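Visitor: First residue of the sequence shown? That's 8 in our numbering, and the numbers climb one at a time after it.
Here a beta-carbon is modelled for each residue, glycine too, at the ideal position from N, C-alpha and C.
In this text, all values refer to a predicted model and were calculated from it rather than measured experimentally.
Before anything else, here's the structure in question.
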Amino acid sequence: MIDRRIKFRHIQSFVEIAREKSLKRAAEKLFLTQPAISKTLKELEEIVEAPLMTRSRSGVALTEEGQVFLHFAQMSLASLQQGLDGVERAGRKEKEKLTIGALPSVAAWIMPKVVREFDALAPDAALQIVDGPHGYLVDRLRHGQLDLVIGRLGRPETMQGISFTQLYNEQVEFVVRPGHPLLKDPNLHKIADWQVIFPPEGSAIRPLVERFLIACGIGEIPNRVETVSGAFGRVYTRQTDAIWIISGGVVANEIADGRLVKLPINTELTQGPVGLMTRPDVAPTPIQQVFRLAVQNVVSGA
8 MIDRRIKFRH
18 IQSFVEIARE
28 KSLKRAAEKL
38 FLTQPAISKT
48 LKELEEIVEA
58 PLMTRSRSGV
68 ALTEEGQVFL
78 HFAQMSLASL
88 QQGLDGVERA
98 GRKEKEKLTI
108 GALPSVAAWI
118 MPKVVREFDA
128 LAPDAALQIV
138 DGPHGYLVDR
148 LRHGQLDLVI
158 GRLGRPETMQ
168 GISFTQLYNE
178 QVEFVVRPGH
188 PLLKDPNLHK
198 IADWQVIFPP
208 EGSAIRPLVE
218 RFLIACGIGE
228 IPNRVETVSG
238 AFGRVYTRQT
248 DAIWIISGGV
258 VANEIADGRL
268 VKLPINTELT
278 QGPVGLMTRP
288 DVAPTPIQQV
298 FRLAVQNVVS
308 GA
């Protein structure tokens with residue numbers, strides 16, 4: 008049973024302090040004095056009978072108990088906001104819509120989990136998912152046709168006017184069908200002897216792959232098919248001896264169930280950040296905040 012001493016101001020203040028990592032900045036955001044918000048935090052810690060934050064000259068940091076409590080506090084605020092919005096939408100007889108762009112590695116790996124989590128948090132929301140290459144999705148985001156994009160950080164020139172929040176790191180993999188001859192002698196310098204499915208110009212991983220091959224002393228690959236199509240890559244790689252160079256997330260499920268196999272090649276040099284892309288000039292709506300919470304829940308539990 009929920010302790011009735013816990014009030015909305017306790018949850019709101021705690022979440023804002025955790026977000027700002029500063030009592031002073033959190034107080035300013037909530038239009039409170041620093042002593043007032045400090046008192047509210049102390050009251051909450053006394054109610055839950057646990058230290059939730061440590062204070063120092065550099066700011067505040069969550070304790071282990073605080074990290075656990077933050078997860079549920081954020082969900083509580085998001086659910087409350089969703090409930091308030093739901094009442095308003097019910098009066099207007101309409102659903103709130105959210106349009107998300109997902110790069111191939113994200114669409115194949117974490118998006119199914121995110122959608123399940125989001126549906127649990129916001130079952131009445133209408134969600135549309137658009138997948139495609141980096142440039143296509145970022146351009147649609149920039150022009151307001153997408154609310155958010157999840158994917159790899161692109162080259163600087165492609166990210167102008169876009170805000171990026173990192174979620175995790177991902178690296179490129181070289182994958183083949185089970186039983187591929189190269190698995191017996193996984194020599195990277197032999198890949199030019201085979202057909203290669205290669206990331207095309209404009210894809211987020213193309214520069215990383217090119218730099219990796221140069222660093223490994225690999226020259227031109229004459230026989231290659233350039234595409235970011237996951238559907239084509241999965242089928243073609245399983246039916247032929249082609250080597251598919253692709254983000255790990257795109258083929259994570261196929262590798263897990265044995266339909267495709269990673270060549271035992273160290274590709275750490277191709278690591279790059281995957282995150283949320285938004286327009287910095289547009290404040291997130293409540294439903295977007297709920298979606299971000301769903302993403303964070305999935306990533307933290309992955």
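What residues match up with Thr172 in a beta bridge as DSSP calls it?
Guide: For Thr172, which the question treats as bridged, DSSP gives the partners Leu283.
Visitor: If Leu174 and Val156 are in contact, beta carbons under 8 Å, what's the gap, nearest whole angstrom?
Guide: Incorrect: roughly 12 Å between the Cβ atoms, too far for contact.
Visitor: Please name the residue, chosen from Ala43, His150, Leu87 and Asn176, that lies closest to Leu160 on a Cα-to-Cα basis.
Guide: Looking at the Cα atoms, Asn176 is the closest of the given residues.
Visitor: If we count Cβ pairs, one from each stretch, closer than 8 Å, do we get three or more for the stretch 15-34 versus the stretch 60-67?
Guide: Yes: the two stretches touch, three or more of their Cβ pairs being nearer than 8 Å.
Visitor: DSSP three-state label for Lys269, please.
Guide: Reduced to three states, the DSSP call for Lys269 is strand.
Visitor: Measuring straight from C-alpha to C-alpha, what distance separates Arg26 and Glu56?
Guide: Roughly 22 Å separates the two Cα atoms.
Visitor: Could you pull the DSSP bridge partners for Glu233 from this structure?
Guide: Answer is Phe205.
Visitor: Are Ile228 and Val203 closer than 7 Å when you measure CB to CB?
Guide: Against a cut-off of 7 Å, the Cβ pair of Val203 and Ile228 comes out as a contact.
Visitor: Could you give the distance in angstroms between the alpha-carbon of Phe181 and the alpha-carbon of Ala127?
Guide: The straight-line gap from Cα to Cα measures roughly 36 Å.
Visitor: Under 7 Å, do Ile107 and Ile136 count as touching if we go by C-beta distance?
Guide: A contact, by the Cβ cut-off of 7 Å.
Visitor: Using the DSSP secondary-structure output, state which residues sit across from Glu180 in a beta bridge.
Guide: Bridge partners of Glu180: Ile253.
Visitor: Does the stretch 36-49 come within contact of the stretch 16-25, defined as at least 3 CB pairs closer than 8 Å?
Guide: At 8 Å Cβ cutoff, the stretches touch.
Visitor: Decide if Gly256 is buried, meaning its Cβ has at least 16 other Cβ atoms within 10 Å, or exposed.
Guide: Per the 10 Å Cβ criterion, buried.
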